[in-house]
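To start, the structure itself, in structure tokens.
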Amino acid sequence: MIQSMTGFGKATLQLPTKKITVEIKSLNSKGLDLNVRMPSVYREMELGLRNQLSTVLERGKIDFSIFMENTAEQTSTKVNVPIVKAYISQLREVYAEADETELMKMAVRMPDALKTERDEIDENDWAQIQVVIEEGIKNIQAFRISEGVALEKEFLHRIANIMTMMNETVALDGERIQTVKTRLRTAIDELKVNLDDNRFEQELIFYLEKYDITEEKVRLENHLNYFIETLAGNEANGRKLGFITQEMGREINTMGSKSNHAQMQKLVVQMKDELEKIKEQVLNVL
């Protein structure tokens with residue numbers, strides 16, 4: 040079953056002092072384009088996280104974010120007491136008439152009066168966050184699978200249309216032969232050239248061999264069936280489906296150049312239109 044590269048996954052976790060939200064967004068891309076945003080306290084875990092995401096999600100333009108919201112009445116910013124006391128002492132020498140309150144207000148505005156203590160990673164917290172990350176990954180995978188089901192339905196519909204048009208094109212081949220035969224006979228009659236029936240048939244066969252579409256029909260049918268077979272595979276196969284559509288396009292183009300028949304050429308144009316719609320959607324397949 041195919042998967043789409045487009046997806047979204049979200050999961051949340053409430054810890055004693057903070058709320059963690061994990062979001063993963065994915066769009067189509069030729070390869071893996073991974074962008075990770077996370078609080079600085081968890082930055083040392085980024086490399087392992089990137090490996091985890093790239094292994095599971097494989098392809099796509101992926102934006103991964105961890106948002107942290109403090110829910111406890113605490114802060115990591117504290118007054119740098121020795122520095123503030125030193126500022127007050129110096130300010131008292133300059134502004135002897137100022138009271139303690141005014142000196143304190145001036146001191147806390149000075150450089151380094153406040154210090155931010157760097158939080159260390161809590162291993163228990165990170166273990167729980169890792170569970171939420173895995174949940175977010177599962178959610179985006181479920182989204183991708185759901186989108187893949189819709190894509191597969193669309194592909195099968197388009198492939199069936201091409202198959203029908205191909206068979207209609209082949210069915211017109213007898214009419215085309217008769218039309219060519221009549222046109223050649225009329226041209227010979229107008230030239231008033233004596234040509235025996237055997238020679239005429241030989242020339243007709245030679246002409247029709249150049250425009251025979253049997254091989255193209257066989258190859259196109261094989262490509263269509265291979266496309267359907269690949270859709271049912273269990274591996275990521277977006278690139279393979281793209282290669283198959285290229286081969287399908289070659290056969291359809293050759294049929295068009297050989298058809299030399301208005302209705303057949305019309306069917307070829309319709310097949311090309313269906314194939315272009317398939318190519319557009321294949322770009323979204325993982």
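My numbering puts the first residue of the sequence shown at 40, with every later residue one more than the last.
Using N, Cα and C, we set each Cβ at its ideal position, and we do this for glycine too.
Alpha-carbon to alpha-carbon, residue j and residue i
i      : j      : result
ASP164 : LEU195 : 47 Å
GLU288 : LYS311 : The sequence given here has Gly at residue 288, not Glu. Using only the alpha carbons, I get a separation of about 7 Å.
PHE103 : LYS192 : 29 Å
ARG258 : SER296 : 16 Å
GLU274 : ASN200 : 26 Å
PHE245 : VAL324 : 45 Å
THR208 : PHE182 : 39 Å
GLY48  : PRO55  : 24 Å
THR269 : ASN74  : 30 Å
GLY99  : LEU130 : 59 Å
LEU88  : ILE172 : 9 Å
GLU132 : ASN109 : 41 Å
GLY70  : GLN180 : 17 Å
GLN285 : ILE105 : 40 Å
ALA166 : MET84  : 11 Å
ILE317 : ARG197 : 7 Å
THR94  : ILE41  : 17 Å
GLU313 : VAL219 : 29 Å
GLU248 : ASN261 : 22 Å
THR140 : GLN169 : 48 Å
ALA152 : ILE122 : 6 Å
THR225 : LYS256 : 30 Å
LEU45  : ILE63  : Per the sequence shown, the amino acid found at residue 45 is Thr instead of Leu. Computed Cα separation, rounded: 11 Å.
PRO150 : ARG82  : 27 Å
Buried or exposed (CB count within 10 angstroms, at least 16 for buried), residue i
i      : result
VAL321 : buried
TYR134 : exposed
SER43  : buried
LEU86  : exposed
ALA271 : exposed
VAL120 : exposed
SER185 : exposed
GLY277 : buried
Reduced DSSP category for residue i - H, G, I as helix; E, B as strand; rest coil
i      : result
GLN42  : coil
ALA152 : coil
THR110 : coil
SER79  : helix
VAL61  : strand
VAL326 : Any question about residue 326 goes unanswered here, given that the chain covers just 40 to 325.
LEU66  : strand
GLU319 : helix
GLU274 : coil
ILE252 : coil
Sheet register partners of residue i (DSSP bridge)
i      : result
PHE182 : Beta-bridge pairing links PHE182 to no other residue.
ASN74  : ASP102
ALA50  : VAL61
VAL324 : SER43
Supposed contact pair residue j and residue i - C-beta distance, whole angstroms, cut 8 Å
i      : j      : result
ALA50  : GLY175 : 4 Å
ILE101 : SER65  : 5 Å
MET202 : LEU263 : 6 Å
HIS300 : LEU211 : 6 Å
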